[in-house]
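Peer 1:
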Amino acid sequence: MATEDRLLWMGDLEPHMDALFIENAFRQLGQSVNVRMAVDRNGNAARYCFIEMPDSATARRAMLTINGTDIPNSKTRFNLSYANNSNSNLVEYSLFVNNLSSQINDAELYQIFGKKFISCRGAKVYKGPDGRSRCMGFVRFSNETEQQQALVEMNRKLIRGKKIMLRIAPVKPRARQVNRCTTTVEPSVSQTYHYDHFRQAMQAWHGLNVSCPPFVDQIVEYETSTKDTKDLMRSSEELYMALEQAHWYPKISSNSSFKQLS
């Protein structure tokens with residue numbers, strides 16, 4: 001069984017959330033897990049950890065039923081995603097999603113596709129600096145056939161009152177990442193690292209001023225001209241490439257440091 005099929009990344013941890021707390025939170029939901037806490041080079045706990053599930057079916061069930069729900073004895077919610085091993089030869093195929101309802105978050109976007117397509121590995125809704133949804137995001141698959149099937153079956157599907165717009169994102173070969181940050185973990189799981197680089201990438205692509213006033217969602221109607229649609233999707237593809245350059249998705253490498261639950 002491939003490790004990436006049963007290893008989940010959990011982010012947005014509060015300072016008091018250690019391995020025992022997280023293990024107990026999952027236990028209260030009827031799930032026994034092995035927790036690996038990530039630490040930086042100074043030995044300080046990072047704001048994320050890795051959750052090892054017994055098998056791939058259990059990991060998928062957690063992504064569908066636990067992700068996005070309230071963490072027991074906490075005011076925050078589970079923020080889960082499949083963890084990618086940077087040493088793995090796994091190739092991922094992504095779809096760009098546009099015209100999302102502003103109410104849809106990462107967990108719900110994953111559920112929309114994950115319930116139907118087993119190879120769906122995660123979803124990300126892009127938010128602006130003000131924390132508001134930009135009504136666009138990405139969905140990842142490990143199987144190209146299911147990616148193509150999702151494109152055919154889900155494009156222009158009505159979700160929360162809006163027809164979502166799908167486009168195949170370019171496949172980026174996975175290369176071993178070079179650690180350029182100040183921690184012993186993969187840069188892609190460093191919240192500060194990938195946000196700063198994402199901001200720089202967005203500024204480079206779109207001249208985006210991240211200090212701008214709160215973003216006002218623009219509803220995309222399908223009565224627009226073909227040229228407008230092509231321009232929109234071209235811009236969307238540029239956004240995808242910017243996210244890829246920012247190492248948006250969480251990965252785990254062999255040189256990562258952990259505090260493992262005994």
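By our numbering, the letter at position 10 of the sequence shown is numbered 10, and the numbering carries on one by one without gaps.
Every residue gets a Cβ at the ideal spot worked out from N, C-alpha and C, and that includes glycine.
These numbers were taken from a predicted model, which means no experiment stands behind them.
1. Check each candidate in G30, T76 and R134 and name the one with the smallest Cα separation from P15.
2. Within a Cβ cutoff of 7 angstroms, which residues of the same chain sit near A59, ignoring the five residues on either side of it in sequence?
3. Whose C-beta lies closer than 7 angstroms to the C-beta of Q111 among residues of the same chain, with five residues either side of it excluded?
4. Write down the C-beta distance between V171 and Y82 rounded to the nearest angstrom, noting that I regard them as a contact closer than 8 angstroms.
5. What do you get for N44, buried or exposed, if any count of 16 or more other CB atoms within 10 angstroms of its CB means buried?
6. Hey, out of I22, K124 and C49, whose CA is closest to I104's CA?
7. For A175, collect the residues of the same chain with a Cβ closer than 7 angstroms to its Cβ; drop the 5 residues on either side in sequence, then sort them by chain order.
8. Just how far apart, CA to CA, sit I118 and T145?
9. Tell me which same chain residues have a C-beta within less than 6 angstroms of the C-beta of D18, skipping the five on either side of it?
10. What do you get for Q28, buried or exposed, if any count of 16 or more other CB atoms within 10 angstroms of its CB means buried?
11. Since V97 contacts I164 with CB under 8 angstroms, what's their CB separation in whole angstroms?
12. Who pairs with I104 in a beta bridge, going by DSSP?
13. Tell me which residues share the same chain as F26 and place their Cβ nearer than 6 angstroms to its Cβ, disregarding the 5 neighbours each side in the sequence.
14. Rounded C-beta distance between G11 and R61? I'm assuming under 8 angstroms.
15. In three-state DSSP terms, what is I51?
16. Among F113, V39, R36 and S133, whose alpha-carbon lies nearest the alpha-carbon of N155?
17. Give the straight-line distance between the Cα atoms of V152 and A169, rounded to the nearest whole angstrom.
18. Only counting the same chain, and skipping five residues up and downstream in sequence, which positions put a Cβ closer than 7 angstroms to that of I71?
19. Run through DSSP, which three-state label would A45 get?
20. From what residue to what residue does the alpha helix (DSSP H) around A19 run?
21. Identify whether L64 lies in helix, strand or coil by the three-state DSSP scheme.
22. Can you give the Cα-Cα distance for L109 and L100, rounded to whole angstroms?
23. Looking only at DSSP bridge pairs, what is V152 linked to?
24. Could you check what DSSP says for I159 in three-state terms: helix, strand or coil?
25. Exposed or buried, A150, counting other C-beta atoms within 10 Å across all chains shown (16 or more means buried)?
26. Rounded to a whole number of angstroms, what is the C-alpha to C-alpha distance between Q31 and Y126?
27. Along the beta strand (DSSP E) that carries F141, what are the first and last residues, could you check?
Peer 2: In short:
1. T76
2. D5, R6, L8 and M53
3. L64
4. Wrong, their Cβ atoms sit about 17 angstroms apart, outside the cutoff.
5. exposed
6. K124
7. Bear in mind that the predicted position of A175 carries a pLDDT of just 46, short of 50, making it too unreliable to give a figure here.
8. 11 angstroms
9. none
10. exposed
11. 6 angstroms
12. Looking at the DSSP assignment, I104 forms no beta bridge with any residue, so it has no partner.
13. V33
14. Going by Cβ atoms, the distance from G11 to R61 rounds to 19 angstroms, so no, they are not a contact pair.
15. strand
16. F113
17. 14 angstroms
18. A25, R77 and F78
19. strand
20. A19 to Q28
21. helix
22. 9 angstroms
23. According to DSSP, which records beta bridges pairwise, V152 is partnered with nothing at all.
24. strand
25. buried
26. 30 angstroms
27. S133 to F141
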